[in-house]
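So for the sequence shown, this note's numbering puts the first residue at 2; every next one is plus one.
Heads up, the beta-carbon is just placed ideally off N, CA and C, and yes, glycines get one too.
Presented below is the structure to which this report refers.
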Amino acid sequence: MLATGLSRGRVAKIANHLCAIFRNCPFNPSNATIRDIEAVIGWINSQSYRASTKGDLRLIVRKIVQYAKFGSCSRKTPIPPEVAWFSIRARDDKDSRVKPESLLTLEEVKRMMAVAENERDRALVSVLYEVALRPGELLG
């Protein structure tokens with residue numbers, strides 16, 4: 002997969018998703034039937050993943066079956082009928098972008114710092130605000 006231009010991170014993500022798919026819905030991609038694929042897609046759709054993750058999983062299912070049946074998963078390779086019936090991207094009407102009204106104001110941050118129990122907590126709130134970090138970005 003690295004030879005196709007995918008990054009190491011993307012290859013790792015695909016490998017992780019393949020493990021989850023085959024652990025929960027074992028099937029043989031080279032002789033998969035529509036019924037097999039329906040079970041896999043049903044499992045994906047029933048998970049509490051974000052729409053983008055479900056789309057990634059559906060794309061991986063399509064590509065692995067395409068590769069198993071035709072030996073390639075390039076754009077020029079035909080899509081097998083077993084995986085042509087489902088959509089990769091689901092409609093996600095929810096806009097996940099951060100809106101200005103959901104951001105903390107300077108006054109709110111100052112109040113949080115004023116009620117902090119110790120210097121460490123005050124410093125943490127201050128750094129998060131001033132550098133515009135999410136907690137996981139600072140702690141990770």
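Query: From R76 to K64, what distance separates their C-alpha atoms?; Result: 10 angstroms
Query: Indicate whether P81 and V66 have their beta-carbon atoms separated by less than 8 angstroms.; Result: yes
Query: So what's Y130 in DSSP terms, helix, strand or just coil?; Result: helix
Query: Under 8 angstroms between the Cβ atoms of G43 and I89?; Result: no
Query: Find out if the Cβ-Cβ distance for the pair P129, L140 is shorter than 8 angstroms.; Result: Checking the sequence, you will find Leu at residue 129 rather than Pro. Their beta carbons are not under 8 angstroms apart, which means L129 does not touch L140 by this criterion.
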